[in-house]
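See structure below.
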Amino acid sequence: MNFSPADWREHFPLLEKFRAESPLHYLDNAATGQCCYAAMNAATAFETQSRANVLRGTYRLAERADAAYEHARHQVAAYLNAASADEIVFTSGTTASINLVAHAFGDMLQPGDEVVLSLVEHHSNFVPWQLLRERRGVILRLLPLAADGRLDLSRLDETFTPRCRLVAVTHASNVTGAVSDIAPLVEAARAVGARVLLDGAQAVQHGPVDVAALGIDFYAFSGHKAFGPTGVGVLWGRGKALAALPPFLGGGGMIEHVGVERTTYASPPRRFEAGTPPIAQAIGLGAALDWLREQPWAAMNAHTARLAQRLLDGLAVLPGLTFVGPHDLRERLPIVSFNFEGIHPHDACQVLDEFGVAVRGGHHCAQPLMDYFKVQGAVRASIAPYNDEADIDALLAGLKDAVRKLK
Ligand code: PLP
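When we follow the working numbering, the leftmost residue of the sequence shown carries the number 4, and every step to the right adds one.
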């Protein structure tokens with residue numbers, strides 16, 4: 004199927020507006036993607052036609068709200084190839100989803116049980132496990148990294164012991180873009196009876212995910228990175244894995260019966276959705292994923308890979324540049340991080356802003372990885388299907404100017 008980034012941009016009101024008024028080369032898609040009309044229209048339709056609280060009312064308006072909210076669950080399940088919509092828990096984002104598992108699953112662990120992580124993790128998949136270590140005395144084990152920051156899976160038997168209960172790793176790094184090789188990790192986890200959680204925050208906006216094929220137990224992601232609304236995210240849990248978890252947050256909506264002495268809890272997913280959920284946002288996310296599912300992903304990913312190659316080629320000839328992470332396109336997303344000798348990433352970003360280029364500079368919430376690379380931070384360009392050659396060329400022109408001004 005043919006794909007045109009210009010046609011795709013028409014689905015994103017903010018990009019349309021900026022194209023008309025002043026150039027915007029938005030290359031900070033790993034931080035947040037732009038929100039598509041499909042998401043906004045669905046959320047607006049809910050607010051204007053069906054707004055009521057969910058899972059509480061018996062009047063017709065409330066029934067419409069319930070139907071819209073549950074429909075969104077089915078749309079998310081279809082995007083992830085989940086076995087059932089009941090495996091979809093709406094949360095406020097990746098961070099909340101991982102914290103949910105770190106509490107509900109984590110609090111069933113015993114001192115000395117082990118959780119396997121890696122140094123490439125975003126703080127969202129690092130700090131919750133450190134907090135669990137403080138609460139429960141679990142041991143955190145780290146997968147080794149190769150020099151370019153990819154996971155080194157050659158010595159898994161040294162990391163996975165019989166005390167391993169969970170491996171929690173990123174599906175794709177928000178710094179290097181490297182896509183983790185999941186199959187050997189699942190195999191190693193299964194061999195010791197451990198569960199597998201993937202942080203899908205970066206992977207999910209590059210095409211539908213097949214949780215069944217991945218063979219994992221939990222998948223976490225955020226709506227705002229998948230061209231949907233802010234304030235909503237998802238925890239997918241395999242039916243049995245989710246059913247085995249105790250509640251995390253207590254409140255309305257997550258109970259079966261509350262007594263003074265004893266309370267019983269609803270089945271998943273409601274057990275994990277205490278309080279009023281982000282209703283309009285969940286409905287917007289469902290619509291965004293429904294729209295994304297129909298997109299020509301092979302052509303779109305070939306397009307973003309071509310742009311990433313154009314960027315890598317352009318960067319390679321700039322003086323004093325070092326890549327933070329791999330400088331080839333093997334098994335990675337179109338996310339490129341780099342540094343210039345003697346130039347602070349924030350200063351480079353400021354010069355780039357004058358060129359209408361929006362990129363991120365800093366530690367990218369991945370300080371353990373920055374320490375591993377022995378850098379304070381990096382400039383990161385992250386590409387989405389609506390980007391085109393003009394965006395990459397503006398970035399390269401801005402960087403040349405930054406080197407000239409700041410060196
Ligand atoms: N994990 C990864 C790999 C990320 O890139 C991010 C955000 O940048 C997160 C987790 C946290 O996502 P959120 O802030 O939406 O919860």
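Cβ atoms here follow ideal geometry from the backbone N, Cα and C, with glycine treated the same way.
All figures in this text were calculated on a predicted structure; none of them were measured in a lab.
Given 8 Å as the limit, is there contact between the segment 102 to 113 and the segment 352 to 361, that is, 3 or more CB pairs closer than that? Cβ pair count under 8 Å is below three, so no.
Just the Cα atoms here: how many angstroms apart are His-227 and Pro-299? Between the C-alpha atoms of His-227 and Pro-299 there is a straight-line separation of about 21 Å.
On the DSSP bridge assignment, give the partners of Gly-364 in chain order. Listed as beta-bridge partners of Gly-364 by DSSP are Val-382.
Among all the DSSP beta bridges, which residues are the ones paired with Phe-326? Phe-341, per the DSSP bridge assignment.
Count the C-beta pairs between the segment 272 to 286 and the segment 9 to 25 that are closer than 8 Å, then say yes if the count reaches three, no if not. No, the segment 272 to 286 is not in contact with the segment 9 to 25.
Drop a sphere of 10 angstroms on the beta-carbon of Gly-240, count the other beta-carbons inside from all chains shown, and report buried for 16 or more, exposed for fewer. Of the residues assessed, Gly-240 falls on the buried side of the cut-off, its CB having 16 or more other CB atoms within 10 angstroms.
Just checking my contact of Ser-95 with Gly-236 at CB under 8 Å: how many whole Å lie between their CB atoms? 6 Å between Cβ atoms; contact.
So, under 8 Å CB-CB, Glu-124 and Thr-173 are touching, yes? Tell me the CB distance rounded to an integer number of Å. That pair is a contact at about 6 Å.
Does the beta-carbon of Pro-187 have 16 or more other beta-carbons within 10 angstroms, so that it is buried, or is it exposed? Counting of Cβ neighbours within 10 angstroms places Pro-187 among the exposed residues, the total staying below 16.
Closer than 7 Å to a non-hydrogen atom of the ligand PLP - does that hold for the CB of Gln-205? It does: the Cβ of Gln-205 is within 7 Å (strictly closer) of some heavy atom of the ligand PLP.
Quick check on DSSP: helix, strand or coil for Asp-202? Looking at Asp-202 - three-state DSSP - the assignment turns out to be strand.
Proximity to Asp-396 [Cα-Cα], best of Ala-55, Gln-52, Ala-71, Tyr-29: Looking at the Cα atoms, Tyr-29 is the closest of the given residues.
Residue span of the alpha helix (DSSP H) that contains Gly-242, given as start and end: Segment 242 to 246, the alpha helix (DSSP H) holding Gly-242.
With respect to 7 Å, is the separation between the Cβ of Thr-173 and the closest non-hydrogen atom of the ligand PLP below this value? The ligand PLP approaches Thr-173 closely enough that one of its heavy atoms is under 7 Å from the residue's Cβ.
Check whether the Cβ atoms of His-366 and Gly-345 lie closer than 8 Å to each other. Against a cut-off of 8 Å, the Cβ pair of Gly-345 and His-366 comes out as no contact.
Is the beta carbon of Ala-290 less than 8 Å from the beta carbon of Asn-177? Against a cut-off of 8 Å, the Cβ pair of Asn-177 and Ala-290 comes out as no contact.
If you follow the alpha helix (DSSP H) that Ile-101 is in, where does it begin and where does it stop? 97 to 107 is the span of the alpha helix (DSSP H), which, as asked, contains Ile-101.
Beta carbon of Asn-32: closer than 7 Å to some heavy atom of the ligand PLP? No, the Cβ of Asn-32 stays beyond 7 Å of every heavy atom of the ligand PLP.
Among Ala-400, Pro-388, Ala-405, Asp-394, which residue has its Cα nearest to the Cα of Pro-8? When only C-alpha atoms are compared, the closest one is Pro-388.
If the criterion is Cβ atoms closer than 8 Å, does the pair Glu-334 and Val-189 meet it? Taking 8 Å as the Cβ cut-off, Glu-334 and Val-189 do not qualify as a contacting pair.
Specify the secondary structure class of Tyr-29 as computed by DSSP and reduced to three states. Under the three-state reduction of DSSP, Tyr-29 is assigned to strand.
Taking one C-beta from the segment 363 to 377 and one from the segment 123 to 141 each time, how about it: are there three or more such pairs within less than 8 Å? Cβ pair count under 8 Å is three or more, so yes.
Evaluate the contact criterion for the segment 205 to 216 versus the segment 76 to 87: three or more CB pairs, one atom per stretch, below 8 Å. These segments touch.
In the DSSP assignment, find the unbroken beta strand (DSSP E) run with Arg-144 in it and report its ends. Per DSSP, Arg-144 is one residue of the beta strand (DSSP E) stretching across 142 to 146.
Go ahead and pull the three-state DSSP assignment for Ser-121. Annotated three-state conformation of Ser-121 is strand, per DSSP.
Do the segment 139 to 159 and the segment 326 to 341 meet, that is, are 3 or more Cβ pairs less than 8 Å apart? Yes, the segment 139 to 159 touches the segment 326 to 341.
Assign Cys-38 to one of three DSSP states: helix, strand, or coil. Here Cys-38 carries a coil assignment [DSSP, helix/strand/coil].
Return the chain-ordered list of same chain residues with a C-beta closer than 6 Å to the C-beta of Arg-296, the five sequence neighbours on each side being excluded. Cβ contact annotation for Arg-296 (same chain, cutoff 6 Å, sequence separation greater than five): Tyr-82, Pro-211, in chain order.
Is any non-hydrogen atom of the ligand PLP found closer than 7 Å to the C-beta of His-74, if you look at the structure I gave you? Judged by the Cβ position, His-74 fails to qualify as a neighbour of the ligand PLP at the 7 Å threshold, every heavy atom of the ligand being at least this far.
Considering only the beta carbon of each residue, do Phe-224 and Ala-42 sit closer than 8 Å? Cβ distance not < 8 Å, so Phe-224 and Ala-42 don't count as in contact.
Is Cys-39 near the ligand PLP, with its Cβ less than 7 Å from a heavy atom? Result no, Cβ not under 7 Å from the ligand PLP.
On the CB-based measure, 16 or more other CB atoms within 10 Å of its CB, does His-209 come out buried or exposed? It counts as buried.
Taking 7 Å as the line, does the beta carbon of His-125 fall inside it for any heavy atom of the ligand PLP? The answer is yes for His-125.
Considering just the uninterrupted stretch of the beta strand (DSSP E) at Ala-171, what are its terminal residues? Note, Ala-171: beta strand (DSSP E), 167 to 173.
Please state whether the Cβ-Cβ distance between Cys-38 and Trp-294 is less than 8 Å. Going by C-beta atoms, Cys-38 is not nearer than 8 Å to Trp-294.
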